[in-house]
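Participant: The structure is given below, and queries will be raised subsequently.
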Amino acid sequence: MTILVTGGAGYIGSHTVRALLKAGYEVAVFDNLSSGHAAALPHGVRLFQADLLNPDAVMQALAETQAEAIIHFAARIEVGESMREPLGYYRNNVLGSLNLLQEIQNTGRRIPLVFSSTAAVYGTTDAVPIPEDAPLRPESVYGETKLMTEQMIRAAHAAHGQPYTVLRYFNVCGASPEGDIGEAHASQTHLIELACMTALGKRAKMMVFGDDYPTPDGTCLRDYIHVQDLAGAHVLALKALLDGRHGAATYNVGLGRGFSVREVLDMVDRVVGTRLPREIAERRAGDPPRLVADGTRIREELGFTPQFPELRQMVETAWMWHRTHPNGFEF
Ligand code: UDP
Numbered sequence: 001m002t003i004l005v006t007g008g009a010g011y012i013g014s015h016t017v018r019a020l021l022k023a024g025y026e027v028a029v030f031d032n033l034s035s036g037h038a039a040a041l042p043h044g045v046r047l048f049q050a051d052l053l054n055p056d057a058v059m060q061a062l063a064e065t066q067a068e069a070i071i072h073f074a075a076r077i078e079v080g081e082s083m084r085e086p087l088g089y090y091r092n093n094v095l096g097s098l099n100l101l102q103e104i105q106n107t108g109r110r111i112p113l114v115f116s117s118t119a120a121v122y123g124t125t126d127a128v129p130i131p132e133d134a135p136l137r138p139e140s141v142y143g144e145t146k147l148m149t150e151q152m153i154r155a156a157h158a159a160h161g162q163p164y165t166v167l168r169y170f171n172v173c174g175a176s177p178e179g180d181i182g183e184a185h186a187s188q189t190h191l192i193e194l195a196c197m198t199a200l201g202k203r204a205k206m207m208v209f210g211d212d213y214p215t216p217d218g219t220c221l222r223d224y225i226h227v228q229d230l231a232g233a234h235v236l237a238l239k240a241l242l243d244g245r246h247g248a249a250t251y252n253v254g255l256g257r258g259f260s261v262r263e264v265l266d267m268v269d270r271v272v273g274t275r276l277p278r279e280i281a282e283r284r285a286g287d288p289p290r291l292v293a294d295g296t297r298i299r300e301e302l303g304f305t306p307q308f309p310e311l312r313q314m315v316e317t318a319w320m321w322h323r324t325h326p327n328g329f330e331f
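Numbered according to the UniProt record's numbering, the sequence shown spans residues 1 to 331.
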């Protein structure tokens, strides 16, 4: 049984490809390698190096693999960049997903779809932790593009029975415990990744974006989840879809507790064994004060149980990856 993974050469995608192989699935990857890395893929995984903006390439990949399910990661993912280049984000993320949905429909087969969404669809909410039925008010173009894609998927379900699971990720971090794949973006924006770069001396200091938020220590709270656990959540979602259970489901993927920027940086200090220089800076546009998941639904319905729930494990695996791969996949 072949699973087609769009964006499978990226950070979360490549961890999920491994988890799928381990679970016994065959995997093919569709990735334009704009930010993914062929080196992140295990040998023997077929790579369609192509773009979702090219419907013929999507059609061909579906025809050649006869995919029985699709996991759709391919997207641009940076909040800040999405505010500077909104049209590029709408084109890539929304139009790319529309092409995928259209080509699925054109096959005439029901191909279940797991979609990679984000906590950024919620924006600032009163509810803490955030349940899946909280109001959806994204504050960034990135979050907007993910919400628009969710809406297209739900409409395709209502009209044509498209089976789907939407997974809304909270803050993904960490790296494979084997130490050979991890986060490797050309432009680094994520907190733990940047802190590791600072520890390696590749950056002078850490900037803390705002210490005047209405949170216990004034810095933003986020619900961090290990990438390996997130990959496992995709396998669970896929199995449930293929079994015919939960054909129209939306789940938060988070652990239900928040760590502040200060707490994360303190943990990085402990793991790397040095105090990183830090400076308080302006708030970053598009950052809600707290994003913490209500993870009850995925626990109860899919039996999701994290294997790496401790912040220390997340930071340790991230640090191992960055320390041994300071230039990502370019050695
Ligand atoms: N952050 C920070 N300094 C940095 C990078 C991030 O203070 O150099 C903060 C950011 O404002 C947010 C949290 O760390 O409150 C997590 O940001 P990240 O970019 O890792 O993930 P996001 O929450 O945007 O998905």
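Idealized CB from N, CA, C, for every residue including glycine. This one's a predicted model, so the numbers in the text were calculated from it and none came from an experiment.
Compare the Cα-Cα distances from Asn93 to each of Gly108, Leu52, Ala237, Ala119 and report the closest residue.
Facilitator: The sequence position of residue 93 within the sequence shown is 93, counting from 1. Nearest option by C-alpha distance: Leu52.
Participant: Whose C-alpha, out of Tyr89, Tyr142, Met206, is nearest the C-alpha of Ala281?
Facilitator: Here residue 281 refers to the residue found at position 281 when the sequence shown is read from its first residue. Checking every option, the nearest Cα to that of Ala281 belongs to Met206.
Participant: Give a yes or no on whether the C-beta atoms belonging to Phe329 and Ala184 are separated by under 8 Å.
Facilitator: Here residue 329 refers to the residue found at position 329 of the sequence shown. Here residue 184 refers to the residue found at position 184 of the sequence shown. Contact flag set, yes.
Participant: Tell me Gln188's beta-bridge partners as DSSP assigns them.
Facilitator: Here residue 188 corresponds to residue number 188 of the sequence shown, with the count starting at 1. For Gln188, which the question treats as bridged, DSSP gives no partner whatsoever.
Participant: Any contact between the segment 240–250 and the segment 192–209? By contact I mean 3 or more CB pairs, one from each, below 8 Å.
Facilitator: These segments do not touch.
Participant: Is Phe73 a contact residue of ligand 1, with contact defined as CB to any heavy atom under 7 Å?
Facilitator: Along the sequence shown, one-based indexing puts residue 73 at 73. Result no, Cβ not under 7 Å from ligand 1.
Participant: Using a Cβ-Cβ cut-off of 8 Å (strictly less than) and excluding sequence neighbours within five positions of Ala318, which residues of its own chain qualify?
Facilitator: On the sequence shown, residue 318 is found 318 positions in, with the first residue counted as 1. The residues are Cys173, Gly174, Ala175, Gly182, Glu183, Ile192, Glu193, Cys196.
Participant: Where does the unbroken beta strand (DSSP E) through Leu167 begin, and where does it stop?
Facilitator: Position 167 of the sequence shown, counted from the start, is the residue given in the question as residue 167. That run of the beta strand (DSSP E) goes 164–169.
Participant: Quick check: the Cα distance between Leu147 and Ala120, rounded to an integer number of angstroms?
Facilitator: Translated into positions along the sequence shown, residue 147 becomes position 147. Translated into positions along the sequence shown, residue 120 becomes position 120. Distance between the alpha carbons of Leu147 and Ala120 is about 9 Å.
Participant: Nearest to Asp229 by alpha carbon, out of Gly254, Pro214, Phe209?
Facilitator: For the purposes of this step, residue 229 is identified with residue 229 of the sequence shown, where counting begins at 1. Nearest C-alpha to Asp229: Gly254.
Participant: Cβ of His37 within 7 Å of any heavy atom in ligand 1?
Facilitator: By 1-based counting over the sequence shown, the position of residue 37 is 37. No, ligand 1 has no heavy atom inside 7 Å of this Cβ.
Participant: Would you call the segment 130–145 in contact with the segment 71–80, where contact means no fewer than 3 C-beta pairs closer than 8 Å?
Facilitator: Counting Cβ pairs under 8 Å, three or more are found: they touch.
Participant: I'd like to know if the segment 217–234 and the segment 300–317 are in contact, where contact means that at least 3 CB-CB pairs between them fall below 8 Å.
Facilitator: The segment 217–234 vs the segment 300–317: in contact.
Participant: Can you find the residues in the same chain that come closer than 7 Å, C-beta to C-beta, to Pro288, ignoring five residues on each side of it along the sequence?
Facilitator: In the sequence shown, the residue the question calls residue 288 occupies position 288. So the qualifying residues of the chain are Gly123, Thr124, Glu139.
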